[in-house]
Amino acid sequence: MHTESHNPMVIDTLPLPPGSTGWPLVGEALALTANPFKFMGDRATRHGVVTRSRLMNKDLAILAGPEAAAIFLDEANIRRAGGLPPHAADLFGAGVVNQIDGDEHRRRKRHLMHTVDAEALAHYLPVIRRHVRARVAQWSKAGEIKLQDACIVLTQELIFANFAGLEPDEATLLRYARGYADFGKALFGLPLALPGTPLARARAFSQEMRQTFSQVVEARRTAPTGDGVSRLVASEVDGEHLATQDIARELQHLMFAASGLSAWFCYGAQALAQDDTLADRLRAVVSQLGADPSGRELLESPELVAFVREVKRLALLIPITAIGVARQDFAVAGHRIPKGWLVLWSTYASHTSANVAPYASAERFDPSRYERGEGEAPHHFAPQGPGEALTSHRCAGVEYSTLVLLQFFVELLRAPRLTLPAQDLSIDMSQLPASWRSGLRVRFGTPTG
Ligand code: HEM
0 MHTESHNPMV
10 IDTLPLPPGS
20 TGWPLVGEAL
30 ALTANPFKFM
40 GDRATRHGVV
50 TRSRLMNKDL
60 AILAGPEAAA
70 IFLDEANIRR
80 AGGLPPHAAD
90 LFGAGVVNQI
100 DGDEHRRRKR
110 HLMHTVDAEA
120 LAHYLPVIRR
130 HVRARVAQWS
140 KAGEIKLQDA
150 CIVLTQELIF
160 ANFAGLEPDE
170 ATLLRYARGY
180 ADFGKALFGL
190 PLALPGTPLA
200 RARAFSQEMR
210 QTFSQVVEAR
220 RTAPTGDGVS
230 RLVASEVDGE
240 HLATQDIARE
250 LQHLMFAASG
260 LSAWFCYGAQ
270 ALAQDDTLAD
280 RLRAVVSQLG
290 ADPSGRELLE
300 SPELVAFVRE
310 VKRLALLIPI
320 TAIGVARQDF
330 AVAGHRIPKG
340 WLVLWSTYAS
350 HTSANVAPYA
360 SAERFDPSRY
370 ERGEGEAPHH
380 FAPQGPGEAL
390 TSHRCAGVEY
400 STLVLLQFFV
410 ELLRAPRLTL
420 PAQDLSIDMS
430 QLPASWRSGL
440 RVRFGTPTG
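As structure tokens, then:
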């Protein structure tokens, strides 16, 4: 397949992928925004590893599965610059890590990975533990809460503390949470910045956050701490240091990227509340850990790690990697992707679609699948993008999010038993991340009502 993907003689003769170009002018944009998860899943189920689509006036190839991941990762095939719609690129700030390629990307990524290397994670863990513990205690005391809102606030609290060294008050955390929610709506919504629209609000918020982060950078230049900003200020790659504006922009992107963690907290909490056997088994595992387990102890618990992997695989966060552009004609599974097409790899379809996902009963929540070796082969388990962090666009936050999730579930499993009061547990999949319509009400310490 790899050879075929590059041989121009062969590629010229190949048909375009199966699929639809949708309606004039809009293409399939309406179906995509109505439910991006279903959109990706349906296409993989119907057509397999490659589907043709069209968004507004742009042709799009949707890829799924491990073999397509290898082709997608090849920089001769795909560039990221120019892939995002202009309003989205502008919100992140031109030239941040998700929009650059080649050596420039490698250098930038090496800087960023200093915020999540082993030393950084060891420094963050006590801070994570302190916040998670306090929140879980607060929730259990309240008895019944809407977990979704609570986890959104907790996520903001963690990432601001770890990466920016800031501990905003509750009202400010809520405002930041709303700001990043607008950011998400604006990125995936219509590019109209009329007053009162999410895009107008997201632009104002983005500007405010960049100013806040710039001030933090300046403060850390004179008095460094162990937070992410201080690590970026100190970072030197091939003799290059980052300018204040670059750090502020990267931090803005990173904060938005990290804010989805809340959906993983919720998904895992629901899985525990719905499966007493699983929860009891994990509670027994947690009872064997010390009061304040180190990162290594957490990672050396196969049952907890398998649980976190399964949450990452199935929780509905974002259905795709970033969108790239075909640099040249190339082939995927006997079909030609012409130069200039938009191309994406669907994380959602790649992990859940029966047709392409390399998992037995892929839709089932089953952490024990990892004991049987599922997810081990290259690009089989890539919910945060395929490839290696330093040489591809794979998420910078893979290890950080694993650590945060492990610590979160440890504290949750140590709290009074979690149950779900009667409620509509359906999920609105037009939101990113997908959101529980009921807000996911949970009760600590009483049987299911
Ligand atoms: C909450 C769950 C998260 C999910 C589902 C997620 C998923 C992803 C995905 C799919 C990508 C694109 C990969 C690609 O284009 O190939 C990505 C990129 C990225 N993520 Fe995450 N991520 C999460 C959390 C985080 C966290 C906690 C951080 C903070 C360190 C982070 C930082 C980044 C960065 C900096 C990139 C851009 C990497 C690049 O372009 O080289 N993410 N993430």
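The opening position of the sequence shown corresponds to residue 0 in numbering that gives the first Met the number 0, with each subsequent residue numbered one higher.
Note that the Cβ used here is the ideal one computed from N, Cα and C, for glycine as well.
TYR347 has its Cβ no nearer than 7 Å to any heavy atom of ligand 1. Between SER400 and HIS122, the alpha-carbon positions lie close to 15 Å from each other.
The region 129-161 is shown to contain whole alpha helix (DSSP H) runs of 4 or more residues at 146-158, in chain order. For HIS334, the enclosing beta strand (DSSP E) stretches over residues 334-336. Within the DSSP bridge table, the entry for TRP22 names GLY26 as partners. In the structure shown, LEU417 falls within a strand segment according to DSSP collapsed to helix, strand and coil.
Bridge pairing for GLU239: VAL236 [DSSP].
Excluding residues up to 5 positions away in sequence, LEU431 lie with their Cβ nearer than 6 Å to the Cβ of GLY183 in the same chain. With a cutoff of 8 Å on beta-carbon distance, ILE319 and SER345 are scored as near each other. Cβ-Cβ separation between TRP263 and ALA314: approximately 5 Å, consistent with a contact (criterion under 8 Å). Residue pairing for LYS57: DSSP places it in a beta bridge opposite LEU54. Put simply, the region 28-38 does not touch the region 326-339. Fewer than three CB pairs are less than 8 Å apart. Annotation for GLY294: the continuous alpha helix (DSSP H) segment containing it runs 294-298.
Annotated as proximal: LYS37 and MET428, with beta-carbon spacing under 8 Å. Closest in C-alpha terms to GLU66, from the list GLY18, PRO377, GLU362 and THR390, comes PRO377.
Residue range 169-187 is occupied by the alpha helix (DSSP H) that includes PHE187. Taking the Cα positions, ALA359 is about 10 Å away from ASP365. Per the DSSP secondary-structure output, ARG442 pairs in a beta bridge with GLU143 and THR418. The Cβ neighbour count for ARG45, taken over all protein chains shown within 10 Å, is under 16; the residue is labelled exposed. Across the structure, ARG174 and SER52 are spaced so that their CA atoms are roughly 37 Å apart. Secondary structure note for VAL324: its beta strand (DSSP E) is the uninterrupted segment 323-325.
In this structure, PRO194 sits away from ALA185, with a CB-CB distance that is not shorter than 8 Å. Residue pairing of SER434 in beta bridges, as defined by DSSP: ASP427.
Beta-bridge analysis with DSSP links PHE71 to no other residue.
If you draw a straight line from the Cα of LEU411 to the Cα of GLY384, it is about 28 Å long. Taken atom to atom, the span from the alpha-carbon of ASP274 to that of THR418 is near 10 Å. In the assembly as shown, THR12 is an exposed residue. Its beta-carbon has fewer than 16 other beta-carbons within 10 Å. Per the DSSP secondary-structure output, TRP344 pairs in a beta bridge with LEU62. Of the other Cβ atoms in all chains shown, fewer than 16 fall within 10 Å of the Cβ of GLY238; this residue is therefore exposed. By the neighbour-count criterion, in which 16 or more other beta carbons inside 10 Å mark a residue as buried, ASN6 falls on the exposed side. Taking 7 Å as the cut-off, one finds no heavy atom of ligand 1 near enough to the beta carbon of ASN76. Here the alpha carbons of GLU373 and ARG282 stand approximately 24 Å from one another.
For VAL331, the enclosing beta strand (DSSP E) has its first and last residue at 329-331. Taking a C-beta distance under 8 Å as the contact criterion, VAL236 and LEU250 do not qualify as a contact pair. Judged by the Cβ position, ARG312 fails to qualify as a neighbour of ligand 1 at the 7 Å threshold, every heavy atom of the ligand being at least this far. Pairing PHE212 with ALA180 gives a Cβ-Cβ distance that is not under 8 Å.
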